[in-house]
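S.K.: If you scroll down you'll find the structure; I have some questions about it.
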Amino acid sequence: MPAPTKIAELLGVLARHQVDFIVVGGVAAVIQGAPINTFDLDVVHARTPDNIERLLGALRELEAVYRVDLQRRLSPTASHLASTGHQLLATNMGTLDLLGTIEEGTSYEELLADSEELDLGGIPIRVITLERLIAIKEKLTRPKDQIMLQVLRATFDERRRS
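In my numbering, the protein residues as written are 1128 to 1289.
Structure follows, in structure tokens:
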């Protein structure tokens, strides 16, 4: 079993390299109070040339390689990161999934309106809102997504009451 992902440290490297990204998925839910377990960091990154260069610098520091064939140690390139696809990476701090888009082609720029900047131990990061995360999960049919949807709704209701 792989070592646990060091989420805060991964976020710190991305922030230090001034990468424009939005945290999505399980970590976004946890940051906003959802009581779930998650084992990787999912982010949607801006696909501008400048941001891709900053992201490549962060990935070099993280020694990022594709998870599909760890023996070959294939690293992502600028053209990979400019695509709309998903880059599923192993790093020296754990699992990192870089998403060019989410849902049906929603980019970083389109997702900005449904994100908020939060302080995570002195690190300013953008996180998808619980409302948008709920809307995304409502469209998915996997059992694990339906279970998470219930937790997200309960977390949203709890936050609204407090």
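Virtual Cβ for every residue (Gly too), placed ideally from N, Cα, C. Every value quoted in this text rests on a predicted model; they were computed, and no experiment measured them.
Spatial neighbours of T1256 within its chain, please: C-beta separation below 7 Å, excluding the five flanking residues on both sides.
M.R.: By 1-based counting over the sequence shown, the position of residue 1256 is 129. Cβ within range, chain order: D1241, S1242, E1243.
S.K.: Going by beta-carbon coordinates alone, are P1203 and L1216 separated by less than 8 Å?
M.R.: What you label residue 1203 is simply residue 76 of the sequence shown in a count that begins at 1. What you label residue 1216 is simply residue 89 of the sequence shown in a count that begins at 1. In contact: P1203 and L1216 (Cβ atoms closer than 8 Å).
S.K.: Would you check if there are 3 or more beta carbon pairs closer than 8 Å linking the segment 1243-1254 to the segment 1274-1281?
M.R.: no
S.K.: If we ignore side chains and look at the alpha-carbon of each, how far apart do P1270 and E1180 end up?
M.R.: What you label residue 1270 is simply residue 143 of the sequence shown in a count that begins at 1. What you label residue 1180 is simply residue 53 of the sequence shown in a count that begins at 1. Rounded to whole angstroms, P1270 to E1180 spans 38 Å at the Cα level.
S.K.: If we count the other Cβ atoms within 10 Å of its Cβ and call it buried at 16 or more, is A1263 buried or exposed?
M.R.: Translated into positions along the sequence shown, residue 1263 becomes position 136. Correcting the residue type first, residue 1263 is Ile in the shown sequence and not Ala. By the 10 Å Cβ count, I1263 comes out buried.
S.K.: Among all the DSSP beta bridges, which residues are the ones paired with I1179?
M.R.: Within the sequence shown, numbered from 1, the residue matching residue 1179 stands at position 52. None; I1179 has no bridge partner.
S.K.: If you scan the segment 1234-1281 from start to end, which runs of the alpha helix (DSSP H) of 4 or more residues do you find wholly inside it?
M.R.: 1235-1238, 1257-1265
S.K.: Let me make sure I understand the geometry here. Which of R1286, I1163, L1168 has the alpha-carbon closest to that of T1132?
M.R.: Taking the first residue of the sequence shown as 1, we reach residue 1132 at position 5. Measuring from the Cα of T1132, the nearest candidate turns out to be L1168.
S.K.: Would you kindly check if the distance between the Cβ of I1261 and the Cβ of F1283 is under 8 Å?
M.R.: Within the sequence shown, numbered from 1, the residue matching residue 1283 stands at position 156. Within the sequence shown, numbered from 1, the residue matching residue 1261 stands at position 134. Remark: C-beta atoms of F1283 and I1261 approach each other more closely than 8 Å.
S.K.: State the Cα-Cα distance for the pair A1281 and R1199, rounded to the nearest angstrom.
M.R.: As a working mapping, residue 1281 is identified with position 154 in the sequence shown. As a working mapping, residue 1199 is identified with position 72 in the sequence shown. Answer to the nearest angstrom: the Cα atoms are 43 Å apart.
S.K.: Who are V1170's beta bridge partners in DSSP?
M.R.: Numbered from 1 along the sequence shown, position 43 holds the residue referred to as residue 1170. V1150, L1225, per the DSSP bridge assignment.
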